[in-house]
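What follows is one structure encoded as structure tokens, with my remarks underneath.
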Amino acid sequence: MYSLNDVDRLLEIKDYLSDGLTIVAIQKVYSNEKKNPLEKPTSNDALTDEDVRRILYNEIMHIGRLSGQEKLL
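Under the UniProt record's numbering, the residues of the sequence shown are numbered 1 to 73, in order.
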């Protein structure tokens with residue numbers, strides 16, 4: 001099972017790729033974050049388990065519609 005941090009990182013990487021960054025550029029972003037860590041998000045900014053599950057479900061449903069499948073789950 002993947003942790004919420006793993007899922008969050010994958011969603012961040014997906015967003016970077018959607019923005020046109022390459023894998024090498026994304027690696028540089030993460031290496032810079034390790035060197036200069038930013039403030040931790042406040043508890044109000046954190047996603048709940050329910051939020052992550054809903055987002056993941058919506059992503060899976062969206063992928064299913066793109067591939068022409070009627071129902072993925």
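By construction, the Cβ of each residue, glycine as well, lies at the ideal position given by its N, Cα and C atoms. From a predicted model like this one, the values you see are computed outputs, not experimental measurements.
8 Å Cβ cutoff met for residue i and residue j
{"i": "Val-24", "j": "Tyr-16", "result": "no"}
Nearest to residue i (by Cα), restricted to the options the options
{"i": "Leu-4", "options": "Thr-48, His-62, Asp-19 and Met-61", "result": "Thr-48"}
{"i": "Asp-6", "options": "Met-61, Asn-58 and Val-52", "result": "Val-52"}
Distance between residue j and residue i (C-alpha atoms, nearest Å)
{"i": "Arg-65", "j": "Gly-20", "result": "23 Å"}
{"i": "Leu-56", "j": "Ser-18", "result": "17 Å"}
{"i": "Glu-59", "j": "Gln-27", "result": "24 Å"}
{"i": "Leu-10", "j": "Met-1", "result": "14 Å"}
{"i": "Ala-46", "j": "Ser-31", "result": "22 Å"}
{"i": "Lys-34", "j": "Arg-54", "result": "29 Å"}
{"i": "Asp-8", "j": "Ile-63", "result": "18 Å"}
Limits of the alpha helix (DSSP H) - the one that residue i falls within
{"i": "Asp-8", "result": "4-18"}
{"i": "Asn-32", "result": "23-35"}
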